[in-house]
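J.: Sharing a structure, written as structure tokens. Questions coming.
There are 2 protein chains.
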Amino acid sequence: MLVVKIGGGDSINLDGIARDLSTVEGPKVIVHGANALRDRLARRLGVEKRILTSVSGYTSVYSDAELIDVMLLAYAGLGNKRIVESFQAHGVNAVGLTGLDGALVRGMRNKGIRVRENGKTRIMRDLSGKPVAVNRKLLGLLLDNDFVPVVTVPIIDERNVAINSENDDIVALLSAALAPKLVVQLIEAPGFLEDENDPSSVVAHIPREDLARREREATGRMKRKLLAIRRLVASGSTRVVIADGRSEHPVADVMAGKGTVIG
Amino acid sequence: MLVVKIGGGDSINLDGIARDLSTVEGPKVIVHGANALRDRLARRLGVEKRILTSVSGYTSVYSDAELIDVMLLAYAGLGNKRIVESFQAHGVNAVGLTGLDGALVRGMRNKGIRVRENGKTRIMRDLSGKPVAVNRKLLGLLLDNDFVPVVTVPIIDERNVAINSENDDIVALLSAALAPKLVVQLIEAPGFLEDENDPSSVVAHIPREDLARREREATGRMKRKLLAIRRLVASGSTRVVIADGRSEHPVADVMAGKGTVIG
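Chains as they are written, first to last, in our numbering: chain A, 303 to 565; chain B, 303 to 565.
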């Protein structure tokens, strides 16, 4: 079992990933983002994106109903289906799904995010939450019949409402359910960088016991990603590789030892 | 087996359809449009929609790559997933799919549409085509396990490219594969109207042998719909009902005998 998380940046080589995956035997699950597409679409539609930073330093997008609409347009619509199209073109029998479809990824809505505003702490509640359960029946049906699920947000909350969630948390949950040997995280960098401004500073290996420290030192989205990865490698014998999604052969590069190996 | 085509108008009562369908036993397949959403989105994005009228009088949307993008945003994204969300809220275990997913609906790209322009006939070729084959394996897997496929365009052509297609043709193809007893067409009118400007002129019954004449007399989208319905009822013992998707109980109304029965 292989799980591949494809980052949502514009320079990710989707076609190269599809080509590489067509040569990898065995069951696979894909989780993808579409943040660049979402941001571009939101700008064109005049929808404002608001970033919250929690008191503990994690950033997230404030998701109101309008932003969920934009997410459905960008992630579930254009982003997901162009990936499915590219996979199909390379002979990978992809089926695109959100967490809503067949209630594939059930979540619990966040009670609220504690933010500091003008020197005061307030609780902001939005349409976001944590994934807590996977519909194994649907996932199993697809995997047992050689389909490749291509999964993205939104997920479905306890009241059957579409909510935003971190794709990295979905990867962690799917991995707990599927126990993949390998989880590949394809991002817009050659791996985890010692110095985020120096692409040559790739850390070849992060032992499990260093993750908490790395997470404390990281900022922005990488901080959140490392939190999700720490949970992921804590749960079992899964190896995680963070690698470059922009290269000519993003997945083949991982198999050849490139990127940052975690665990 | 029940097939329901949900029209893509803004005044369709999606929630009422979901509620009604939660009380209907047995396997169901949904096909839906999203043309009002697409048109609104295209306007907001400044994407122009071009309507072609073929020399034989059928109208269609000229689909270039940009319009397929808008279709993926509107049909596959926002439209499909809000329907899935509403179905899930009513306990109907919907799985939203386009024809791309698992190559569910394979099409053949149109060779070109013959149009008259400035007194001359030209061939216009775009990203559109006819659905020709259904992936019965995927459809069967879902139906046998009590999932409700919610299907929309685009479909996938012989070269694995996303193309536009008529949802009514997809309904006809799915019906040929599934042999449903009943196909319900929910539109923004109380049924097929003798006079399209008079909502009280619902035709209660159109016998199979009258369809060719009705089709000749119809204009615009209804002409195309009747062509698809004629093929559909010609193929078997399927009954088609055209009914009002805007009412409080669109599907229950059909079961109670409202709308236009064809066949």
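Just so you know, even glycine gets a beta-carbon here, dropped at the ideal spot from N, CA and C.
Shorter than 8 Å from the beta carbon of Glu387(B) to some beta carbon of chain A?
T.: Yes, because at least one Cβ of chain A sits closer than 8 Å to the Cβ of Glu387(B).
J.: Does the beta-carbon of Gly328(B), which I'm using as the reference point, lie nearer than 7 Å to any heavy atom of the ligand FMN?
T.: Only the bare structure without any ligand can be found here, which leaves the ligand FMN out of the picture.
J.: Tell me, please, whether the segment 303-311 of chain B touches the segment 325-340 of chain B by the rule of three or more beta-carbon pairs shorter than 8 Å.
T.: Touching, yes, given that three or more Cβ pairs across the two stretches are closer than 8 Å.
J.: Report yes or no: do the segment 343-354 of chain B and the segment 389-405 of chain B share at least 3 C-beta pairs separated by less than 8 Å?
T.: At 8 Å Cβ cutoff, the stretches do not touch.
J.: Could you tell me which chain B residues have their CB closer than 9 Å to the CB of Ile472(A), listed as they occur along the chain?
T.: Those do not exist, as Ile472(A) stays about 16 Å from chain B at its closest Cβ, beyond 9 Å.
J.: Suppose the cutoff is 8 Å on Cβ atoms and the five residues either side in sequence are ignored; what does the same chain contact list for Val563(A) look like?
T.: So the qualifying residues of the chain are Ala506, His507, Ile508, Arg541, Val542, Val543.
J.: When you compare the CB of Asp262(A) with every CB in chain B, is at least one pair closer than 8 Å?
T.: Chain A is shown only over 303 to 565; residue 262(A) falls outside these bounds and no answer can be derived.
J.: Please list, in chain order, the chain E residues whose beta carbon lies closer than 7 Å to that of Thr325(B).
T.: Of the protein chains in this structure, namely A and B, none is chain E.
J.: Give every residue of the same chain whose Cβ lies closer than 8 Å to the Cβ of Asn395(B), excluding the five residues on either side of it in the sequence, and list them in chain order.
T.: Contacts found: Phe389, Asp448, Phe449, Val450.
J.: According to DSSP, is Asn315(A) part of a helix, a strand, or is it coil?
T.: Note: Asn315(A) maps to coil in three-state DSSP.
J.: Can you give the Cα-Cα distance for Ile415(B) and Ala378(B), rounded to whole angstroms?
T.: Distance between the alpha carbons of Ile415(B) and Ala378(B) is about 25 Å.
J.: Would you check if the segment 405-422 of chain B and the segment 352-362 of chain B touch, i.e. whether three or more CB-CB distances between them fall below 8 Å?
T.: Contact between the segment 352-362 of chain B and the segment 405-422 of chain B is present, because at least three Cβ pairs lie under 8 Å.
J.: I'd like to know if Val397(B) contacts chain A, where contact means its C-beta is closer than 8 Å to some C-beta of that chain.
T.: Answer yes: the Cβ-Cβ gap between Val397(B) and chain A drops below 8 Å somewhere.
J.: Measure from the C-beta of Ala435(A) to each C-beta in chain B and report whether the shortest distance is under 8 Å.
T.: Not an interface residue.
J.: State yes or no: is the C-beta of Gly565(B) within less than 8 Å of the C-beta of Arg526(B)?
T.: No. Outside cutoff.
J.: Looking only at C-alpha atoms, which of Leu323(A), Arg523(A), Leu528(A) sits nearest to Arg515(A)?
T.: Nearest C-alpha to Arg515(A): Leu528(A).
J.: Given this structure, state the Cα-to-Cα distance separating Ala338(B) from Pro456(A), to the nearest angstrom.
T.: Going from the Cα of Ala338(B) to the Cα of Pro456(A) covers about 23 Å.
J.: Quick one: does Arg346(A) have its CB under 8 Å from some CB of chain B?
T.: So, interface residue.
J.: Measure the CB-CB distance between Arg462(B) and Leu429(B) and report whether it falls below 8 Å.
T.: Before going on, a small fix: residue 462(B) reads as Asn here, not Arg. No.
J.: Residues in its own chain within less than 8 Å of Val315(A) by CB, not counting five upstream and five downstream?
T.: The sequence shown places Asn at residue 315(A), rather than the Val named in the question. Here the set comprises Gly547, Arg548, Ser549, Glu550, Pro552.
J.: With which residues is Thr361(A) paired in a DSSP beta bridge?
T.: The partner list for Thr361(A) (beta bridge, DSSP) reads Thr355(A).
J.: To test your reading of the DSSP string, which unbroken beta strand (DSSP E) runs of 3 or more residues are found completely within the segment 390-431 of chain A?
T.: Entirely contained in the segment 390-431 of chain A, the beta strand (DSSP E) runs reaching 3 residues are, in chain order, 396-400, 407-411, 415-419, 422-426.
J.: Can you tell me whether Asp470(A) is buried or exposed? The criterion is at least 16 other CB atoms within 10 Å of its CB, across all chains shown.
T.: Label assigned to Asp470(A): buried.
J.: Return the chain-ordered list of same chain residues with a C-beta closer than 7 Å to the C-beta of Leu380(B), the five sequence neighbours on each side being excluded.
T.: If we look at Leu380(B) and ignore the five residues flanking it on each side, its Cβ neighbours are Leu339.
J.: Mind listing the chain B neighbours of Thr454(A)? Cutoff is C-beta to C-beta under 9 Å, in chain order.
T.: Within 9 Å Cβ-Cβ: nothing; Thr454(A) doesn't reach chain B, min ~10 Å.
J.: Give me, in chain order, the residues of the same chain whose beta-carbon lies closer than 7 Å to that of Arg424(B); leave out the 5 immediate sequence neighbours on both sides.
T.: These residues qualify, in order along the chain: Val417.
J.: Measure from the alpha carbon of Ala558(A) to the alpha carbon of each residue in Asp322(A), Ile370(A), Pro501(A), Ser502(A), then state which is nearest.
T.: Cα-wise, what sits closest to Ala558(A) is Asp322(A).
J.: What three-state label does DSSP hand Asp546(B) in the structure shown?
T.: Reduced to three states, the DSSP call for Asp546(B) is strand.
J.: How should Arg384(A) be labelled, buried or exposed, when 16 other C-beta atoms within 10 angstroms of its C-beta is the threshold for buried?
T.: When all chains shown are included, Arg384(A) counts as buried.
J.: Report the partner residues of Pro433(A) according to the DSSP bridge assignment.
T.: Looking at the DSSP assignment, Pro433(A) forms a beta bridge with Gly409(A).
J.: Anything in chain B within Cβ reach of Arg438(A), meaning under 9 Å, just list it in chain order.
T.: Going along chain B, no residue has its Cβ under 9 Å from Arg438(A), so there is no contact; the nearest lies around 12 Å.
J.: Since Val536(A) and Glu468(A) should fall inside the 8 Å C-beta cutoff, what is the C-beta to C-beta distance between them, to a whole number of angstroms?
T.: The sequence shown places Ala at residue 536(A), not Val. The Cβ separation is near 17 Å, so there is no contact.
J.: Taking 8 Å as the CB-CB cut-off, is Phe494(B) touching chain A?
T.: For Phe494(B), the answer is no, since every Cβ of chain A falls outside 8 Å of its Cβ.
J.: For Ala481(A) and Thr325(B), what's the separation of their Cα atoms in angstroms?
T.: The alpha-carbon atoms of Ala481(A) and Thr325(B) are separated by roughly 38 Å.
J.: For a test of the three-state rule: what should DSSP assign to Ala464(A), helix, strand or coil?
T.: Three-state result, Ala464(A): strand.
J.: Relative to the alpha-carbon of Met303(A), which residue among Val486(A), Ala491(A), Asp500(A) has its alpha-carbon at the smallest distance?
T.: Closest by alpha carbon: Val486(A).
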